[in-house]
Structure formats: C-alpha cells, structure tokens
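Undergrad: The structure under discussion is supplied below as structure tokens; questions concerning it will follow.
Residue numbers (this note's numbering): 33 to 1114.
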C-alpha cells in the first residue's frame, strides 16, 4: 500500500492536506513538524521521482501519495499531461519510491477547496488548458445561456417566409381539418357510399360547428394542415431528442452538428456530413438573403422605384445585405446576438399585430379581399380541404411546408459559444420546437376562421344579403364573389393571395417587417453556423487544403477566414439570383444531417457501450431510428433527384475519408459496434464444431520485434491476409520489473508498424526468464476461443553452431513443445538471413540469431535502455522483401515427401492465389520407385485433383534413396564432429555421465542408429539443388526428431544439411498429422 507512517507530532490547524507553502517552509527550515523519521518510505520534504511527480499529502489522517478525486484528472486537456498535475500512476502507488531532488510539484489537492473541483469551475480551467500554453488568459470569451444562445436562435431560424407567405395558402388547400381519405384522394373527391357513418370524429366535427352537411360529406374529418405541421414537427422533435442525448453524453466543444455526428459515428460519416452541412449553410445564407431582396424588390416595384431592373435589383440588394450581415458577424458574437434579439422582437411584434388584426372589425376594403373576422361558417368551410393546382395534394403541401420546420440545429451549431452546451442545447432546442409549433397551429386556426378562400378585392361586389344568383359563403356576409370564383380569376382570399397575413393584420407594414426579420435572422444564423462548423472540420484535418480556414482570432476564436469564405460563396449564389435549382439540394443536405443525428443516437444506444451515458434520459433508440428512416423518406418525397445527389456526395466524401484513414480516435459508436460484432461472432464461433472444409492456417509467428524480421512477417501475412489469424509473438527475456515498461511501450509501436506495412495481424509479447518458457506461454495462451493459432512459424536458427548450448536446446525444445500442443510447424530459411536489425541499427532480441550480433555476447539478455519509441518505430523506413515483389513466371516447388495431413500442400496453394505469386507454376515432387513411376504419378495426380488444388505438374523422384556423393557425406560428418561425444571406447558409466552433462551432444550409438536418416537429408539437398535451384520458393516436409532420442545438435544438422546452399527461400513445413484437406462435401 501507499500508506506512510506519521510521527505523533502536533500540527496547528491542519486542513486535511499539505499546502505548497508548508512543504517549502519545511524544506527551507530543515525539520518541520512532519519531517519523516529515518527509514520512512516517503519523504514529504524531499521530492520524489515519480511518473507524475507526486508528493505525499495528508488526506485521510495519514500520509499517502494518493489524491482525492478531482476534475483535472478527467479533463481532456493539455494540463492533464503536465506531470505536476493529475493523479499518481499505478507505479507511484505500487512500486518503491525513488528520491529525486530536482522535481517538485504543487499537489492537486491544493488546487481543490472542496469536492475535488477547481474554485473557478470546470469550464474555466478547461478553457485555459485548451488555449496556448504559457500565455496569460486575456478577456473572458462571450458565452450564451439556453435562451439567448439556443432557443431564440432556433426559433428565428425555424420561422421564415413560409410562415408569412405560405402557411395561409396551405391552410386553404389542406383545410384546417379534412378527411382521412384526402390523404390519398388528392383532389378532394369524397366517398358518398356511407353518408350515415358518423362515428366519434364526426361528432367532434359537429361540435366545432361544421354542421351535418359538412360532416356527412366528410365522414372522417382530420386536421390536415395540423397533421402536416405535426408530422413535420414529429421529425424535428425526434431529432431534437437525439441531439439532446448526444450533446449530454460528454463535453461538447465547438463544431455543432459536425462535432456531434463525427464524435458519435466517427470521422468517416462525420467528415462528409460536416463538409456538406457547412456548404449548405453557406448557400442558405444566399437563399434567405435573396428572399429578403425579392421582398424589397417587390416593394420598390409597387412604388415604381426600381434601381436597375428586377433581376439586378435582387443582386444589388442581396450583396449589400449580406455585406452588412458579415459586418455584424465580424463585430463579434455579442453584436450578432444583439441583432438576433432585435429580429426576434420584430417578429413577436408582427405576430401580436396579426392577432390584434383578427379581432378588429373588418373594413370594407378588407371584406372585399375576403376578411370577415372570426366566423364559425368560415371556419367550417375552411375545415375541409380544397385541393387546387399541380401542388394540390397532401404530400405536395407537406414538401412545401416541411422546410419551415427545420432550423433546429442553429443553437447546436454554436456549441462552442454556449456556457453549458449540455444544458443549453436540449432545453433551448426543445423549447424552440414547442413554441414555433404552437405559433404554426394558432396561425393556421385563426386565419382559417377569418378569411374565405376566394375574393375579388373589388368594392363593387358588395350585395344585399340573400340576393338571387349569389353563390358561396360570402353571400351571407353581403359580398358576391361568384363571378371570379367560377372563372377562377379571384386575386384575393386564402387560396389566391399570399399576403393574407398582411391584409388581416392591424398594421400591414409590421408583417413586412416580420418577413424581413425572419429572412435576415435566418441568413445571419446560417452565416454564423457555416464558419463555426467549418472551423472545427478544418482543425480535424480530415480533408486536404482546408486547414488554412481553421485559424481562430480573438477571445472567441472567431473563424474570420471562414466568414470570408462563407461570404464569397453566398455572394456567388446571390449573383445567380435564381436558386430554385439549388434549393432542394440544400434542404436534402439538412435532412441528411437530421438522419445521421438520429442514427448516431440509435447506433450509440444499440452498441451498449459503457461510455454511452447521456444525462438527458427522455429519448428512445427506436424513435431515433424511426426519425432517421423518416428523414430519408422525406428527402425522396421532397425531390428524389436532389436526394440522390446528396447521397452521392456523402458517399464520395465517405469513401475519401475511408481511403485516407485519418489518425484520429474519438471513441465513436462505430468502434463500440466493431467490438460488439467481434465479440458476438467470436462467442458464436465457439459454438460451431470444427470441420476440415473450414480449416484455416492460423499462425503464431515468432518474429521477435516484427520490424527485425520483415520477410517472415511478409511471408505469413501474404497467405493469411483476409483469410485467417496471424499473431506476431515476441518474448522479452529478462527481469519482469525491467521489461514490463519496455513491453508496454513496444506493443503500440509494433502494432502501428504492422498497420503501416498493411499486414493484418496482431502483436503480443510476454516477459519470461528464458525463450522456451516464453514461447510455451504464447502457445498455450495466445488466441481467443476458436480464434487460436494452430501453426507455429519461426525463422531458422542460422547461428546454431556458435550459439550457447542452452540456446540450441531451447530452440529444438520449442519445436517439440509445438508438436506436444498439437501445432503444425513451419520453419523459414533464407540465404541472406531473416534478421535485418543491424540495418535498422537497433537492438535485436537475441533469441534466434545472436551470433550475427557479437556485441550481445551469448545473447541471453537484451541490452538495457534500447527500447524504441513507438512513433519512431512506426515512421521508420520499411525494409523491402522478396514477398513484396512480383515473382513472374517462376516455380513454387513442393516436396511432399511425407504425409503430414496436407499442410505442406495447403500453404503454397494459398500463396499461389495471391496476385504477386499468381503467375508462378506449382510443381509437386514425391518419392517413388523407378519401376512404378507411372502408377505412382497417376495416383498422386488423382489425389491432387480430388483436392481441387489445381496442381497438375507432378514429378516422381525415383533416386531419392540413392547414396549421396562422398564429398557431401564428408561435409555432413564434419558438421556434426564438434558435437560428438566420441564415446565409443569409454565405459558405460562415463558415457551416461557425459550424456547427462551434455544432452545436446551426439553419441556414437546415435550416429550409427540414425545414419540412414542423415544420409537421406544429404541426398535430398542434392535433389533440391538439381531441380529447384531457380525456383521462387521451396516447400518441403522436414524430418521429425524423436523427443528424448534425437540430440538437438543432430536434428539441427539434419535441417542445416537439407536446406543449405539454396538460393530461393525454403519453407520447412510439418503438419500435426491431422487432415487439413478433404475431397468430401460433408
């Protein structure tokens, strides 16, 4: 434990922990009241050498290096990596403390007055940490609450010209209420087959004053305009709930929608939607500005005061307007917020003006235009639909209205400027949706109860009530609009006059001011949103050539360069002055964002990640999935070709990020989903019985550090890629305390090195006292469930003659261990050797080829202090090997001398399926008798054809048992001479003693007993040199040395003799004598 003894000395007013002044005073004054006694394991007056420079603190009545929980320990900021802050490491608490007088830190506990939190609050500490280190914080940045920062901003962006100019017209078309059948009827033809079917809804219709006739004509009335509004709001509400859940699952920084999606779904989808969302906002600035410019142009046209001509006037007014808006934005968020408040007040005044106008008695001029104040008959007539024109259908009107429900992301887009985004975004967004929905419902109901659908606007159409020939509801109010209704030439009324709100209101210009406020506030919100989102995207560097725009200026880190880019894009589209073609694409871009936000919430929920803990609980993963699906459907309902374009752009940008693979790690739900899938499939795989047809060579490769033996890595990686498991194992030899830090440091670097080399493999290391025990650990523990290695791959021990006897015994013992654990064995030998560590000028783990590095002596221990930094290791120059180059039309020669289950055939077959080896011809050599060559060849060809390997060239070796040449026999005898006991003339007791002391040496009896087997290896080498000198690769079945009967030096002499003097790589493959090939279907 990290508890320390405390002498029983008095201490005045102890606050529960040391202060830095106390510590310094103790150090300057010599012995203080807490000066430790001799032998104490932690000296409070003397700094200690810890990974986090922790000092002993007084926390719970005794000295301990532990610290109390603190905000700084969890804040993702640069300050956490400062060794003077943060919690002590496990080594600090668990290992022996080492004194180091050169380091001193202020205890974290001094910075915390209560509950482990900084005095200035978490935000202040974090924001300072995110700034440039070493600079004093200047003025505090402007931060907004949920009302000013989110609710008002969202309401302004939701309200738009559709509210003023199209909602009354939609009410006239769809009716305040209509028939359920009108959803599909389209033109208002009702079903009269069941006129007496009333039901509950019919009774409700009577209750609101429709009368029997209207209800009988429409047996199933439903509030269609309200249905359109509520359907639109349903999508935005579900999206609002999803935004609320995501934004409360951790600290939200600047970047708005892009930040939420990218940190939830990852950079691939987040980056693509971030780019198009920023562009959509930039073009939306032009759309809203052109809407404002068209309104001003119409006013000028009414007074015959055009500047140039109608089109150029839009351009002039639009450019001037967007320039003024840019000036407001550049003045800072404070000024922009004040302008939004002004627009908000203007819109509220216009609403009040409209509501007041509905209760003011109508003048003759207003009555001529169809306004008669609140009348039950008018409400009854407008309650049912009256479809007109090409857009006269439910979904046609829905597509027109839906964009007016969007804009809920305006608050989230300035997340970096909010005091507490986790509170402001949910509260402000949902409140904005609620109040704007209420305004839409109230407006449609009130104007539908005041204004008839058709009116001429002529004062001459007034008649006496009950005049003959007068048709329509207006006749009962003293007006005859029959002529224009029949000729469909009425200019006024809800169905014909878009300015109905202005006509109804108490003072018409205030409605115009409301239109101005709605368009300008939306343009200003988009002008602010686009640079903020784009700035975050630029800082993440997911796409090239955009980093220039990520620089921030001032106390709020304003993206001035982003503002200028948005301004240029907006002006460009304003100059087009015709946005009908681009507008549907923009709407679809926003809907893409809605779909991905909802999918982000669903995906994060469905992965069951422990990190998904939103404090906002009022969401449903299935509602989020429904919202995502509905958003996609609406995209195609609005404009199918624009939806296809939006999807095409998203897929293109997604593909680019997938190809580039940016080096970012945001803990996305995609990572959690990958883990879930891998876990479920791995567990499911454990329930599946093994079958020969599904056999895969799963390799444990003893690479040591993988970058030291790249040829071995490339060879196995070539035939296991996208096929089976490859696990690179490394045994770190030495004391565990010394090697554990090196183990943790190296693992990350070697994994990155494998990824950079595009090798699909895992890396693992173990710390052991010797090589053999470490390999035994790997053989037994490597893998997971059915994903366990079944083949041990290692390099040939080229230095076996000069290596220590124990190293030789360990190497051969590893082969025996592999067979004991039912592993196949694959040894690889290359003429130039496998280890390239000398070229890399780095330390080699001397377990296989220590003789190539005489500086390491016997090679039993590694040189201390030579651990390679992971970043350096991953960025080092990659060594090229033969397995990375095209082999052309060479041959792969397989010497299938012994039946090992087929592994000797399978590995070359898998290698030949790869592109670089695809042109190589595979030849199979088997032993046989000279008088039965044709029969044996036919038998092998027949067997291979049943295996469907495609090997057609088979050679029989009839001379395999011939005696080798004398010079080669002599070379073998010379090879084993240093390892012989020469015990032929010694007594049995002496011989037994010699064998026990030198088990690797060869007795005369063992030489004679294995003479035939030794000569076979010599002869096979001669055959290899004759037939395969120019092959691209040789695969051969090696002999097996019987455990306890064949000395390790003799077995290595066989392998040396068999594979010596060969130019191509040679693979010595031996299966575990179980079938890996079958010609059966079941």
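Quick reminder that beta carbons are idealized off the backbone N, C-alpha and C, glycines included.
For clarity, every value in this text was computed on a predicted model and none was experimentally measured.
Which of the three DSSP states, helix, strand or coil, is assigned to residue 492?
TA: It is helical.
Undergrad: Tell me whether residue 268 sits in a helix, a strand or coil according to DSSP, three-state version.
TA: It is helical.
Undergrad: If you draw a straight line from the C-alpha of residue 813 to the C-alpha of residue 987, how long is it?
TA: Looking at the two C-alpha atoms, the distance is approximately 41 angstroms.
Undergrad: Just the Cα atoms here: how many angstroms apart are residue 538 and residue 523?
TA: Approximately 21 angstroms between the Cα atoms of the pair.
Undergrad: Which of helix, strand or coil does DSSP assign to residue 791?
TA: Coil, per DSSP.
Undergrad: Could you tell me which of 1080, 955, 1075, 1103 sits nearest to residue 1062, measuring between CA atoms?
TA: Per the Cα distances, 955.
Undergrad: Assess, as a yes-or-no matter, whether the segment 451-469 is touched by the segment 510-525 under the definition of 3 or more beta carbon pairs within less than 8 angstroms.
TA: No contact exists between the segment 510-525 and the segment 451-469.
Undergrad: Do residue 476 and residue 258 have their C-beta atoms within less than 8 angstroms of each other?
TA: Yes, Cβ-Cβ distance for residue 476 and residue 258 is below 8 angstroms.
Undergrad: With contact counted as at least three CB pairs below 8 angstroms, one residue from each stretch, are the segment 627-640 and the segment 651-669 in contact?
TA: Segments in contact, yes.
Undergrad: Buried or exposed: residue 474, going by 16 or more other Cβ atoms within 10 Å of its Cβ?
TA: Exposed, since its Cβ has fewer than 16 Cβ neighbours within 10 Å.
Undergrad: I need the DSSP call for residue 483, collapsed to helix, strand or coil.
TA: In this structure, residue 483 counts as strand in the three-state DSSP scheme.
Undergrad: Here's the rule I'm using: 16 or more other beta-carbon atoms within 10 Å means buried, otherwise exposed. How should residue 1113 be labelled?
TA: Exposed: under 16 other Cβ atoms inside 10 Å.
Undergrad: May I ask whether a heavy atom of the ligand NAD can be found less than 7 angstroms away from the beta carbon of residue 710?
TA: The ligand NAD is absent from the structure shown, which contains no ligand whatsoever.
Undergrad: Could you work out which residue in 1067, 594, 853, 102 is closest to residue 926 when comparing CA atoms only?
TA: Among 1067, 594, 853, 102, the Cα nearest to that of residue 926 is on 1067.
Undergrad: Across which residues does DSSP place residue 26 in a beta bridge pair?
TA: Residue coverage of the chain in this structure runs from 33 to 1114, which leaves residue 26 outside it and unanswerable.
Undergrad: Return the bridge partner residues of residue 524 from the DSSP annotation.
TA: In the DSSP output, where bridge partners are listed per residue, residue 524 has 487.
Undergrad: Among the candidates 191, 1042, 820, 1097, whose CA atom is the shortest distance from the CA of residue 1074?
TA: Of the candidates 191, 1042, 820, 1097, the one whose C-alpha sits nearest the C-alpha of residue 1074 is 1042.
Undergrad: What's the C-alpha gap between residue 379 and residue 440?
TA: The straight-line gap from Cα to Cα measures roughly 18 angstroms.
Undergrad: Under three-state DSSP, which class holds residue 761?
TA: Strand, per DSSP.
Undergrad: Since residue 636 contacts residue 296 with CB under 8 angstroms, what's their CB separation in whole angstroms?
TA: That pair is a contact at about 6 angstroms.
Undergrad: Taking C-beta to C-beta, are residue 292 and residue 632 nearer than 8 angstroms?
TA: A contact, by the Cβ cut-off of 8 angstroms.
Undergrad: Does the separation of the CB atoms of residue 739 and residue 775 fall below 8 angstroms?
TA: Contact: no.
Undergrad: Does the Cβ of residue 1019 have 16 or more other Cβ atoms within 10 Å, making it buried, or fewer, making it exposed?
TA: So residue 1019 counts as exposed.
Undergrad: Would residue 782 be called buried (16 or more neighbouring beta carbons within 10 Å of its own) or exposed?
TA: Counting Cβ neighbours within 10 Å, residue 782 comes out buried, since at least 16 surround it.
Undergrad: Between residue 490 and the rest of its own chain, which residues show a CB-CB distance below 8 angstroms, the 5 nearest in sequence each way excluded?
TA: Cβ neighbours of residue 490 beyond the five flanking positions: 400.
Undergrad: Just to confirm my understanding: we take residue 764, look at its own chain, exclude 5 residues before and 5 after, and list those with CB closer than 6 angstroms. What are they?
TA: The answer, listed in chain order, is 771, 775, 797, 799.
Undergrad: Can you tell me which of 623, 179, 433, 755 puts its alpha carbon nearest to the alpha carbon of residue 198?
TA: Selected option, being the one with the closest Cα: 433.
Undergrad: Figure out for me which residue from 973, 313, 953 has the closest Cα to the Cα of residue 622.
TA: For the residues 973, 313, 953, the minimum Cα distance to residue 622 belongs to 313.
Undergrad: Assign residue 723 to one of two classes, buried (16 or more other C-beta atoms within 10 Å of its C-beta) or exposed (fewer than that).
TA: That one is exposed.
Undergrad: Under 8 angstroms between the Cβ atoms of residue 288 and residue 561?
TA: It is a contact, given that the beta carbons lie within the stated cut-off.
Undergrad: From which residue to which residue does the alpha helix (DSSP H) around residue 1074 run?
TA: Per DSSP, residue 1074 belongs to no alpha helix (DSSP H) and is neither H nor E.
Undergrad: For residue 987, list the residues DSSP reports as bridge partners.
TA: Residue 987 is bridged to 957.
Undergrad: Do you know offhand how far residue 1078's Cα is from residue 1098's?
TA: If you take the alpha carbons of residue 1078 and residue 1098, they lie about 23 angstroms apart.
Undergrad: Quick one: residues in its chain with C-beta nearer than 7 angstroms to the C-beta of residue 423, no 5 flanking neighbours on either side, listed in chain order?
TA: Excluding positions up to five away in sequence, the list reads 429, 432.
Undergrad: Just how far apart, CA to CA, sit residue 766 and residue 821?
TA: Each residue's alpha carbon lies about 26 angstroms from the other.
Undergrad: Rounded to whole angstroms, what is the Cα-Cα separation between residue 319 and residue 695?
TA: Each residue's alpha carbon lies about 37 angstroms from the other.
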